[in-house]
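In the order they appear, the protein sequences are chains X and G. The letter at position 213 of the first sequence is residue 213 when you use my numbering, and the numbering goes up by one with no holes. The letter at position 69 of the second sequence is residue 1069 when you use my numbering, and the numbering goes up by one with no holes. Heads up, the beta-carbon is just placed ideally off N, CA and C, and yes, glycines get one too. This structure is a prediction, so every number in the text was calculated from the model and none was measured. Only one structure is covered here, and it is reproduced in the block below.
2 protein chains.
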Amino acid sequence: MAENDKAVVLLSGGLDSVTALAIAQNQGYECYALSFRYGQRHEAELMASQRIAKTMNVKRHHVVDLDLSLFDSSALTNHSIAVPTEPTDKIPVTYVPARNTIFLSVALGWAEVLDAEAIFIGVNAVDYSGYPDCRPEFIQAFQSMCNLATKAGIEGQAVKIHTPLINMTKAQIIQSGVKLGVDYSLTVSCYQATRGGLACGQCDSCKLRRQGFSDAGIDDPTRYQ
Amino acid sequence: MAENDKAVVLLSGGLDSVTALAIAQNQGYECYALSFRYGQRHEAELMASQRIAKTMNVKRHHVVDLDLSLFDSSALTNHSIAVPTEPTDKIPVTYVPARNTIFLSVALGWAEVLDAEAIFIGVNAVDYSGYPDCRPEFIQAFQSMCNLATKAGIEGQAVKIHTPLINMTKAQIIQSGVKLGVDYSLTVSCYQATRGGLACGQCDSCKLRRQGFSDAGIDDPTRYQ
């Protein structure tokens, strides 16, 4: 990688995406953070992304407004569906159809505008919620599609999708981030955090996060309700 | 196809998308039209999509607000870049990076919510502007990605992307639409139409359209400035 190459980093404001950002910065990329206001229940996450972008000194942070309220099958975009607190062996109701596909597509367009060579996304297929669009085979298919979708792709310079966390456990993600100086107290993972960013401690995302800190042997800085 | 199966149809309000809608309806699909207010210069196109959705009696028409003003390299989203009137052998400046990828991704999510089996998009790789995301190889790669991106895909029921116009000339598209009763006077193709929907007659999109009516031997109902 040449010095000062650009990367678009999908930044939700949660634990994984901030770690992906820290890794991209550590690899020398000039980072352009991209977040979405998509009608998510947990808007505290978005406020977290703004704190993180400022603290970690990204080159630019853009929040795209995209109303996905028509995706009314998900507990994250339909506020009348309760966030589950019990595990399931199916894809949970917090699944937002095609969310990573949509986010990566907008990142792809922005990367082309910026002439960025990389997109970073903090997907993880180990300690995760079972969403189809977090798996390596999905990312590979998206990469193949990128190579054909854009002007840069046609010219043989398609953007490369980086998924540095994909094979890590939650504990490994946290350990990597701590080594790189990430302040996890800035992040919000909870699906139903209060506007002030207090986590419920009960949802799937809270449980995975809490277990991760415990397994990593690192004090959990999360502010619970 | 079972009777009353659902399709999401990407409806820009132009000549191609309305023809794709007519074809989907003629095949018996219950159609859900999807349009985007993405900061395009030619908002008359969006007003056309609303007229078409109403006249053609779609089941539902949804306009997604998605601000792509950060894609400032395109003459369609950056109003300070002039729309070219001369041909080019390169990808023209009206190219909006990853536009069809983004639109198809949102359509994919809505299709999953609706339990729709099909997405129709009026891309065309014959009389077209040279955009990479209108080519058959792009659509095939997007289809492969769909099969892995969603819950329906995992369950072996991935949505199918239909591109009925992809190998037609503009004249053939118009002839197909006329046979199906499409009223092309409702559509707006011009990249810089007035708010009232009057076409410039000079841009690439106007030229392709005008030539199409001429080649088809059908009176051009376009209202020019």
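- Among the residues facing chain G, Asn147(X) is included, as its CB has a counterpart in that chain under 9 Å away.
- Judged by beta-carbon spacing, Gln1192(G) lies within the 9 Å limit of Val1083(G), meaning their Cβ atoms are closer than that value.
- Chain X places a beta carbon closer than 9 Å to that of Ile1091(G), counting this residue as a contact.
- His79(X) is not bridged by DSSP to any residue.
- For Ala118(X), the uninterrupted beta strand (DSSP E) run begins and ends at Ala118 to Phe120, by DSSP.
- For Phe1103(G), the enclosing alpha helix (DSSP H) has its first and last residue at Arg1099 to Leu1114.
- At least one C-beta of chain G is nearer than 9 Å to the C-beta of Pro132(X).
- Straight through space, the alpha carbons of Val1159(G) and Phe36(X) are spaced by roughly 25 Å.
- Closer than 9 Å to the CB of Tyr1095(G) there is at least one CB belonging to chain X.
- Counting along the chain, the unbroken beta strand (DSSP E) around Arg60(X) starts and ends at Arg60 to Asp65.
- Cys1206(G) sits in a helix when the DSSP states are folded into three classes.
- Taking a cut-off of 8 Å on C-beta distances, the segment 112-127 of chain X does not touch the segment 1106-1115 of chain G, as fewer than three cross pairs fall below it.
- Between Leu104(X) and Lys6(X), the CB-CB gap reaches or exceeds 9 Å.
- Met47(X) places its beta carbon 9 Å or farther from that of Gln25(X).
- Chain G has a Cβ within less than 9 Å of the Cβ of Lys151(X).
- Looking at the DSSP output, Cys31(X) sits in a beta bridge with Ala7(X).
- The segment 148-210 of chain X contains, as complete alpha helix (DSSP H) runs of 4+ residues, the segments 151-154 and 170-179 (chain order).
- Counting every other CB atom within 10 Å of its CB across the protein chains shown gives Pro1097(G) a total of 16 or more, marking it as buried.
- Look at the segment 1161-1190 of chain G: it has no residue with a C-beta under 7 Å from a C-beta of chain X.
- With the criterion set as a beta carbon lying under 7 Å from some beta carbon of chain G, the segment 189-221 of chain X has no members that meet it.
- Pairing Glu86(X) with Ser129(X), the inter-Cα distance amounts to about 12 Å.
- Neighbours of His62(X) in chain G, taken as residues whose beta carbon is under 9 Å from its own, are Leu1070 in chain order.
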